[in-house]
Each structure stands twice: as C-alpha cells, then as structure tokens.
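Sequential numbering from 1 applies to the sequence shown in the UniProt record's numbering. Okay, so here's the structure we're looking at.
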Amino acid sequence: MARRIDYSARYTHPTEKVYAALTNRDYWEARMIELRKFSDNHVESFEVNDAGIDLVFHHIIPRNSLPDIAQTVMKKDMVITRKEHYSAFGEPVSGTYEASIPAGPGSLSGTMSLFTTDTGSTLRTSSEAKVFIPFVGGKLEQLMLVNLVDLFRTEAQVTADWLAKQ
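In structure tokens, the structure reads:
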C-alpha cells in the first residue's frame with residue numbers, strides 16, 4: 001500500500017524569481033553544496049529549454065548512515081537518482097519528479113506546482129512512496145516520507161537564502 005504526503009515551501013518572492021532560480025545552474029550547485037553536509041550529492045545533468053527544466057541528480061547515502069530497518073534491505077550504500085521536470089514558465093508551473101534506487105524494493109515519485117500567493121509564491125510537492133516488502137513495507141514508506149520532508153525543508157531554505165542574495 002502506498003503512502004502519500006504533501007509539502008509546501010512558501011516564499012516571499014514572486015513565482016518569476018523562484019522559477020528564474022530553478023533555471024540557474026549555480027542555484028542547483030548551491031543546493032548540492034548544502035546537501036553535501038549530509039551525504040555526497042551532485043548534479044548529473046541540467047537542461048533548460050522552451051519546454052521547461054530537466055535535471056538529474058544523485059544523492060549517495062552511506063549504508064551505515066541508514067536506519068537499522070533500511071540496512072536490512074540495503075546491502076550497500078544507497079544511491080538515489082532523482083529526476084525532475086518543470087514545465088515552461090506559466091501560472092502555475094507544473095512539475096514531476098521520480099527517485100529511484102538500483103535494486104531498491106520500491107519507488108518514490110511526485111508532482112510539483114509553483115504558484116502565486118498573496119505573500120509571494122508557493123512550491124507544493126505531493127509525494128508517493130511505495131515499498132514492496134511484506135510486514136516492513138509500511139514502516140519503510142513512512143520513514144522515506146519523513147526523511148523526504150526533512151530534505152524538502154532543507155531545499156526550501158537553500159532556495160529562500162539563494163533568492164535573498166540575488
């Protein structure tokens with residue numbers, strides 16, 4: 001059974017400025033620098049064109065950093081490949097993401113929407129985690145989503161800091 005969670009990052013900047021950050025390679029590198037405080041991360045590919053923004057990045061989490069329940073499933077470091085796509089600028093900007101783990105026992109995917117609010121803009125992410133292991137699947141799904149919210153909070157703070165410096 002899949003579990004779902006929504007996360008909203010609220011910014012005091014308009015959607016145009018948030019979207020401009022998403023189109024800037026330096027912004028993504030700033031995110032990776034912050035995330036490297038927790039594990040190895042890097043941008044694999046980044047492309048901006050008339051159809052929007054496409055990127056692929058990797059999070060590498062050492063096995064010994066994983067919770068015990070995850071270590072029972074993962075026998076080596078966890079390499080998470082995350083692919084994101086944002087549409088061309090408009091109101092709203094829509095997007096999708098998927099995260100995959102080679103030989104991983106499940107999936108993580110979601111949708112994103114960047115839209116204008118009275119105080120600036122919001123980037124809302126709706127995520128779904130599925131783990132196909134009897135008995136522990138639900139616990140792992142919940143663990144994935146809790147950690148995902150922590151990741152989204154960190155990424156939102158990097159975005160707010162980036163926008164404040166521009």
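The beta carbon of each residue, even a glycine, is placed where N, CA and C say it ideally should be.
Item to complete: Measure the Cβ-Cβ separation of Trp28 and Val43 and say whether it is below 8 Å.
Response: If you check the CB distance, Trp28 and Val43 come in under 8 Å.
Worksheet item: If you follow the beta strand (DSSP E) that Arg124 is part of, which residue opens it and which one closes it?
Response: Gly120 to Val131
Practice prompt. Could you tell me which uninterrupted beta strand (DSSP E) segments, each at least 3 residues in length, are contained entirely in the region 52-89, listed from first to last along the chain?
Written response: 52-61 and 78-87
Discussion item. For residue 169, list the residues DSSP reports as bridge partners.
Written reply: As shown, the chain starts at 1 and ends at 166. That puts residue 169 outside it, with no answer to give.
Worksheet entry | Buried or exposed (CB count within 10 angstroms, at least 16 for buried), Met144 | buried
Worksheet item: Can you find a CB in chain B that lies within less than 8 Å of the CB of Thr122?
Response: Among the protein chains of the structure shown there is no chain B, as only one such chain exists.
Item to complete: Take the Cβ of Val146 as the centre, count every other Cβ of all protein chains shown within 10 Å, and call the residue buried at 16 or more, exposed below.
Response: So Val146 counts as exposed.
Worksheet item: Measuring CA to CA, which of Tyr11, Tyr7 and Met1 is closest to Asp161?
Response: The alpha carbon of Asp161 has as its nearest neighbour, out of Tyr11, Tyr7 and Met1, the alpha carbon of Tyr11.
Discussion item. I believe Tyr97 touches Met112 by the beta-carbon criterion, under 8 Å. Please report the beta-carbon distance rounded to the nearest angstrom.
Written reply: 7 Å
Practice prompt. Indicate the three-state DSSP secondary structure (helix, strand or coil) for Ala9 in the structure shown.
Written response: In the three-state reduction of the DSSP assignment, Ala9 falls in the strand class, which pools E and B.
Discussion item. Judging by CA-CA distance, which residue of Thr23, Ser121, Pro67 and Gln142 is the nearest neighbour of Ser8?
Written reply: Ser121
Worksheet entry | C-alpha distance - Pro92 paired with Thr116, whole-angstrom precision | 8 Å
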